[in-house]
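Chains A and B are the protein sequences, given in the same order. Read in order, the letters of the first sequence are residues 7 to 156 in my numbering. Read in order, the letters of the second sequence are residues 7 to 156 in my numbering. By construction, the Cβ of each residue, glycine as well, lies at the ideal position given by its N, Cα and C atoms. Note sheet for the following structure.
Protein chains: 2
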Amino acid sequence: MVGDQDSVGALDPLVGYHLRRAFGAFSGDFTAAMEGTGMRQVLVGVLAVVARSPGINQGAVGRVLDIKRANMVSLINELVEAKLLTRETDPQDRRAFALAVTDRGREVLADSLARIEAHEARMLAGFTETERAALLELLRRIERRAGDSA
Amino acid sequence: MVGDQDSVGALDPLVGYHLRRAFGAFSGDFTAAMEGTGMRQVLVGVLAVVARSPGINQGAVGRVLDIKRANMVSLINELVEAKLLTRETDPQDRRAFALAVTDRGREVLADSLARIEAHEARMLAGFTETERAALLELLRRIERRAGDSA
DNA sequence: TATTGTTATACTCTATAACTATA
DNA sequence: TATAGTTATAGAGTATAACAATA
């Protein structure tokens, strides 16, 4: 069988290597789960963050999701053109845009989250709830360490 | 504090979201750890696989690491031009190239692995050995599920 | 027919630098 | 002077299709 632990030699004991592969597996299945919807990982992320904090501007969304301002532009354009987000000049700070999710955006987000739940169930089949929670907690601790040096 | 769990709304309970962020944190620190060496994640991967299986061809390396044949070409070119790999026509199958790591390649791989160990120690600071092993095992189970559908 | 390696191509993601308009 | 958004650009990763040589 190809892809077995042994064939990767020195990589096998590395957490980073397995993180990479597990992320790749998730990404591939995520893309398949979203097929036909036009949604991608980042777009769902942006939609979820704006839904959580209506009126937020793109810079702030980028800071939450670790996306550079320059790269936020086309993402927001995509979502606004698809009528999933509205973008209006913030009266309190006329440099910024206040973002909000449209009704259609809320529908698409709900549909995306339903697909994602099925996708997660698929990827974590065989995991007990305890194991799932443990994995989540260990991953969160890695993210926090990243913040230390940033 | 930016990037807090709460600000991501519906994403927070998702393993995929945290996998993505943890992978991003690892990748950033990996790149920093390799600064000045010219090595990248994929290149170390290829070097490690060839070191483990001398005489292997590029297609097989790609299958092990989930890299498409078309994308292997420039990677192998890079490593051969840097004199870290040799590429010779396989006498048993003249379509294929038998790959092998050069002495210099072995040195670079050893140096890379030393840097990676320090990087992993940094990213997993505060993890007990039990926690590290648990994380590794949970990630491996996700990879295996990915193989099921492939 | 199938497989190895190759070329060409394209899309996404990520990163930096320089610009504008507002604060 | 700092910040919000923008433009332009470039590198890396990933994907597909089509081809030549060999099996």
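Legend entry - Euclidean distance between Cα positions of residue 123 of chain A and residue 145 of chain A: 18 Å
Inset, instruction - With DSSP collapsed to three states, give me the class of residue 87 of chain B. - result: Helix.
Legend entry - Host alpha helix (DSSP H) of residue 17 of chain B (start-end): Note, residue 17 of chain B: premise wrong, no alpha helix (DSSP H); not H, not E.
Legend entry - Nonlocal neighbours in the same chain, by C-beta distance under 8 Å from residue 48 of chain B, ignoring five residues either side: 71, 73, 81
Legend entry - Environment of residue 52 of chain B [buried if 16+ CB atoms lie within 10 Å]: buried
Legend entry - Cα-Cα separation between residue 43 of chain A and residue 86 of chain B, rounded to whole angstroms: 42 Å
Inset, instruction - Could you tell me which residues DSSP pairs with residue 103 of chain A in its beta bridges? - result: A:95
Inset, instruction - At 7 Å on the CB atoms, spell out the chain A contacts of residue 21 of chain B, in chain order. - result: 126, 130, 138, 141, 142
Legend entry - Contact check, residue 91 of chain A vs residue 76 of chain A, beta carbons under 8 Å: no
Legend entry - Interface residues of the region 54-74 of chain A facing chain B [CB-CB below 7 Å]: Of all residues in the region 54-74 of chain A, 54, 55, 57, 58, 59, 69, 70, 72 have a Cβ within less than 7 Å of some Cβ in chain B.
Legend entry - Cβ-based neighbour list, residue 54 of chain A, same chain, cut-off 7 Å, excluding 5 preceding and 5 following: Within the same chain, residue 54 of chain A has close Cβ partners 115.
Legend entry - Residues in the region 74-104 of chain A having any Cβ partner in chain B nearer than 9 Å: none
Legend entry - Residue-level contact to chain A via CB, residue 106 of chain B, 8 Å cutoff: Under the Cβ distance rule, residue 106 of chain B does not count among the residues neighbouring chain A, no pair being separated by less than 8 Å.
Legend entry - Span of the alpha helix (DSSP H) around residue 49 of chain A: 47-58
Inset, instruction - Within the same chain, show all residues whose beta-carbon is closer than 7 Å to that of residue 96 of chain B, passing over the 5 residues directly before and after it, in chain order. - result: Within the same chain, residue 96 of chain B has close Cβ partners 63, 102, 103, 104.
Inset, instruction - To the nearest angstrom, report how far apart residue 36 of chain B and residue 93 of chain A are at their CA atoms. - result: If I take the Cα positions, the gap works out to 37 Å.
Legend entry - Start-to-end residues for the alpha helix (DSSP H) that takes in residue 41 of chain A: No alpha helix (DSSP H) contains residue 41 of chain A, which DSSP labels as neither H nor E.
Inset, instruction - Under 8 Å between beta-carbons, which chain B residues line up against residue 41 of chain A? List them in chain order, please. - result: Chain B residues near residue 41 of chain A: none, gap ~14 Å exceeds 8 Å.
Inset, instruction - Report the neighbours of residue 119 of chain B on chain A: residues whose CB is nearer than 8 Å to its CB, in chain order. - result: Ordered by position in chain A, the residues that pass the 8 Å Cβ test against residue 119 of chain B are 16.
Inset, instruction - Identify the contact partners of residue 149 of chain B in chain A, using a Cβ-Cβ distance below 7 Å as the criterion. - result: 24, 27, 28, 31
Inset, instruction - Could you pull out every residue in the same chain whose Cβ sits closer than 8 Å to the Cβ of residue 117 of chain B, ignoring the five residues on either side in sequence? - result: 43
Inset, instruction - Taking only beta-carbon positions, decide if residue 49 of chain B is within less than 8 Å of chain A. - result: no
Inset, instruction - Take residue 98 of chain A as the anchor and find which of A:88, A:84, A:61 has the nearest alpha-carbon. - result: Nearest option by C-alpha distance: A:61.
Inset, instruction - Could you tell me whether any Cβ in chain B is nearer than 8 Å to the Cβ of residue 146 of chain A? - result: yes
Inset, instruction - Keeping to the same chain, check which residues put their C-beta closer than 7 Å to that of residue 111 of chain B; ignore five residues upstream and five downstream. - result: 53, 90, 91
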